[in-house]
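Asks: Taken in order, these protein sequences are the chains called A and B.
Okay, so the first sequence: first residue is 182 according to my numbering, each after it adds one.
Okay, so the second sequence: first residue is 5 according to my numbering, each after it adds one.
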Amino acid sequence: MKRTKKTRHIQLMLITAALASCHQPNKEWQNGNRTYVRSDSTAPYSRAYYPHPGSLLLWYYAFRPYGNYYNGYYRRAGYYSDAIRPSSNIGSNGFKSSVVRGGFGRGGFSVSS
Amino acid sequence: MQRIITSPRNNWQKAVENLGFGFHTTNVPYWDESAYYQFGMDEVLFIEKATAELWDLCLGAVQHVMDNDLYGKFGIPQEFIPYIERTWTEDHPAIYGRFDLCYKNGQLKLLEFNADTPTSLYEAGIIQWFWLQDFDKGKDQFNSIHEKLIGYWKYLKNYLYPGMLHFTCLKGTLEDLTNTEYMRDCAIQGGLETKLIFTDDIGWDSDSLTFVDMEDQPIKNIFKLYPWEWMLSDEFGKQILEDRNKAFWVEPAWKMLLSNKAILPVLWELYPECPYLLPAYFEEGKLTDYVKKPLLSREGANIVLMQNHSLLQQTTGDYGKEGYIFQELFALPEFGGNFPVIGSWVIGQEPAGMGIREANGLITENTSRFVPHLIG
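(1) To which residues of the same chain is Ser261/B closer than 7 Å at the C-beta, ignoring the five residues directly before and after it?
(2) Judging by CA-CA distance, which residue of Lys53/B, Leu200/B, His150/B and Glu116/B is the nearest neighbour of Ile99/B?
(3) Would you verify that the beta carbon of Ile360/B is, or is not, closer than 8 Å to some beta carbon of chain A?
(4) Indicate whether at least one CB of chain A lies closer than 8 Å to the CB of Asp205/B.
(5) According to DSSP, simplified to helix, strand and coil, what is Ala257/B?
(6) Would you report the Cα separation of Leu181/B and Lys175/B, rounded to the nearest angstrom?
(7) Quick one: is the Cβ of Ile9/B within less than 7 Å of any heavy atom of the ligand FMN?
(8) At a CB-CB cut-off below 9 Å, which residues of chain A make contact with Asn147/B?
(9) What in chain A is Cβ-close to His377/B, meaning under 8 Å?
(10) Suppose the cutoff is 7 Å on Cβ atoms and the five residues either side in sequence are ignored; what does the same chain contact list for Gly110/B look like?
(11) With 8 Å set as the bound, which would you pick, yes or no: does the beta-carbon of Glu37/B sit closer than that to a beta-carbon of chain A?
(12) Mind listing the chain A neighbours of Leu229/B? Cutoff is C-beta to C-beta under 7 Å, in chain order.
(13) Would you mind giving the Cβ-Cβ distance between Ile206/B and Thr177/B, rounded to the nearest angstrom? I have them listed as a contact below 8 Å.
(14) Can you pull the chain A neighbours of Ser210/B, defined as C-beta to C-beta under 9 Å?
(15) On the criterion of 16 or more Cβ atoms from any shown chain inside 10 Å, does Lys259/B qualify as buried, or is it exposed?
(16) Determine the extent of the beta strand (DSSP E) in which Gln137/B is found, giving its start and end residues.
(17) Mind checking the region 104-138 of chain B against chain A and listing, in chain order, the residues whose C-beta falls within less than 7 Å of any C-beta there?
(18) CB-CB under 6 Å to Asp138/B, same chain, minus the five flanking residues each way: which ones, in chain order?
(19) Step through the CB atoms of chain A and report whether any lies within less than 8 Å of the CB of Met70/B.
(20) Output yes or no for whether 8 Å exceeds the beta carbon distance between Tyr40/B and Leu378/B.
(21) Please state if the CB of Trp232/B and the CB of Asp120/B are separated by a distance shorter than 8 Å.
(22) Whole angstroms is fine: what's the gap from Tyr280/B's alpha carbon to Glu219/B's?
(23) At a cut of 8 Å, does the region 146-166 of chain B reach the region 193-205 of chain B through at least three beta carbon pairs?
(24) Quick check on the DSSP output: the beta strand (DSSP E) that includes Trp208/B runs from which residue to which?
(25) By the three-class DSSP mapping on this structure, what secondary structure does His150/B have?
(26) Would you say Tyr93/B lies against chain A (beta-carbon separation less than 8 Å)?
(27) What is the rounded straight-line gap between the Cα of Pro283/B and the Cα of Glu94/B?
(28) Between Cys278/B and the rest of its own chain, which residues show a CB-CB distance below 7 Å, the 5 nearest in sequence each way excluded?
(29) On the three-state DSSP scale, how would you describe Gln82/B?
(30) Taking the alpha carbon of Gly327/B as the point to measure from, which residue in Ile80/B, Met168/B, Tyr163/B and Lys18/B has its own alpha carbon closest?
(31) Helix, strand or coil for Pro344/B, going by three-state DSSP, please let me know.
(32) With which residues is Ala108/B paired in a DSSP beta bridge?
(33) Kindly indicate which three-state DSSP category Pro269/B falls into: helix, strand or coil?
(34) Should the region 225-241 of chain B be regarded as contacting the region 19-29 of chain B, the criterion being three or more beta carbon pairs within less than 8 Å?
(35) Where Ile329/B and Pro355/B are concerned, what is the direct C-alpha to C-alpha distance, given to the nearest angstrom?
(36) Would you mind working out which of Gln318/B, His313/B and Gly142/B sits nearest Lys290/B, comparing C-alpha positions?
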């Protein structure tokens with residue numbers, strides 16, 4: 182077979198499904214700027230306010246949760262948008278008294294290089 | 005190297021969006037398939053050879069910085085030096101980097117090395133590959149990025165701690181998320197168990213002195229699309245030194261030497277005979293035509309181009325307080341008002357492909373366009 186410089190076959194397992202929907206408008210999410218979100222079973226209700234989306238693309242998935250499959254069950258880990266306040270954007274584990282979050286990520290808006 | 009104007013695919017936006025590429029257009033077009041670059045195989049082999057050589061030289065330069073304690077030139081805080089050296093001597097896992105090269109009149113010159121958080125990986129590895137499938141699938145492309153990423157994750161699996169490999173990037177940036185999720189996709193295909201956590205959500209457990217994810221599970225291996233210099237200045241930066249798990253951060257901390265522009269004068273001092281390097285210095289005044297670059301600038305910010313000691317072009321931004329280097333001016337070639345820079349990827353220890361970004365001027369900024377290529 183002729184040797185080439187390009188990958189012969191490409192299959193994507195995760196990214197297409199994970200990202201293709203990120204920029205799809207959803208009317209339900211566009212209505213109004215104020216959203217009340219409960220981020221997980223242990224967090225108190227909190228109000229998230231998202232008046233100035235940095236990117237229109239991101240607006241559409243501002244409050245879409247992300248998570249992982251574990252033993253066949255989907256477990257929510259957080260929300261895509263930083264519009265959700267860090268105090269409410271926490272995990273589902275109740276033993277979190279010694280855990281502090283938000284110590285990384287102050288550096289910038291994107292790493293583009 | 006030729007620039008060839010062509011017709012974009014009908015409904016190309018839909019085609020790239022189906023691949024999960026959501027940032028093809030922002031305020032200005034980013035993905036641009038109204039043209040492509042055609043290279044001869046001899047040119048590709050030349051770029052490939054240069055990339056391999058530059059990678060070797062870079063590894064030598066890292067050792068030189070450590071042996072001669074040149075950290076002060078890089079503006080790296082003293083307290084992190086033992087940690088940086090540990091990641092080097094213990095050979096912590098590293099996976100990729102992107103050399104930015106200027107190719108003109110048969111000469112190839114290194115402009116900088118994005119060794120820590122290179123982006124445009126997805127465009128180079130996936131989007132332009134699928135473009136070529138539609139355009140002319142019989143043609144070749146310098147692009148084995150995808151298979152090399154999968155292969156190298158498979159290889160690295162034995163060098164990581166057993167268990168989960170976390171992936172992290174900032175919230176609120178689709179570009180970073182796309183690059184990170186693509187990398188995670190490749191790791192999954194390499195047989196690794198993975199989990200996404202946004203950088204902003206990483207937790208520090210002050211009881212166990214470990215980093216934890218959203219479910220308070222320990223983070224032991226983590227791929228980050230977040231620069232080391234930002235990590236070190238963040239509140240959690242010092243916790244890296246206290247981490248009882250001694251987590252593997254990919255890319256490892258020694259890569260911050262290579263992603264810092266201070267490596268350019270070091271390389272030149274060590275290897276002045278190398279045909280791919282431009283004269284570069286820490287001091288101004290040694291060059292007549294030169295580029296003044298902040299040590300840590302990104303996306304072409306705060307760059308000053310001087311010709312015969314007169315200002316030729318400059319950009320603004322927030323960088324420069326950390327210091328500058330001065331590199332001989334080797335202007336990008338012009339193709340009808342378009343100025344391409346070649347991003348040549350190293351994955352594992354090998355050249356893996358390239359992506360081309362075009363600007364409207366001599367400085368490649370965040371408004372540049374990604375243009376596909378093929379081998380003619």
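Where is the CB? At the ideal position from N, CA and C, for every residue including glycine.
Replies: Taking the geometry as given:
(1) The amino acid occupying residue 261/B in the given sequence is Leu; Ser does not appear at that position. Closer than 7 Å at the Cβ level, and outside the excluded window around Leu261/B, lie Val66, Val69, Phe78 and Ile267.
(2) His150/B
(3) False, the Cβ-Cβ gap to chain A never drops below 8 Å.
(4) yes
(5) coil
(6) Each residue's Cα considered, the two are about 8 Å apart.
(7) You won't find the ligand FMN in this model; it holds no ligand whatsoever.
(8) Identification of chain A residues near Asn147/B by a Cβ-Cβ cut-off of 9 Å yields Lys186, Lys187 and Thr188, ordered along the chain.
(9) Chain A residues near His377/B: none, gap ~11 Å exceeds 8 Å.
(10) none
(11) no
(12) Val292
(13) Between Thr177/B and Ile206/B the Cβ distance is about 16 Å, and since that is not below 8 Å, they are no contact.
(14) Ser279, Val280 and Val281
(15) Here Lys259/B is buried. Its C-beta has 16 or more other C-beta atoms within 10 Å.
(16) From DSSP, Gln137/B is part of no beta strand (DSSP E) but of the alpha helix (DSSP H) over Gln132 to Asp140.
(17) Asn118, Thr121, Pro122, Thr123, Ile130 and Trp133
(18) Arg13
(19) It does not; no Cβ of chain A falls within 8 Å.
(20) yes
(21) yes
(22) 48 Å
(23) yes
(24) That run of the beta strand (DSSP E) goes Gly207 to Asp209.
(25) helix
(26) Checking the sequence, you will find Thr at residue 93/B rather than Tyr. So no, Thr93/B is outside the interface.
(27) So the two alpha carbons sit approximately 32 Å from each other.
(28) Leu61
(29) helix
(30) Ile80/B
(31) Three-state result, Pro344/B: strand.
(32) The question names Ala, but residue 108/B in the sequence shown is Lys. Beta-bridge partners assigned by DSSP to Lys108/B: Gln111/B.
(33) It is helical.
(34) no
(35) 27 Å
(36) His313/B
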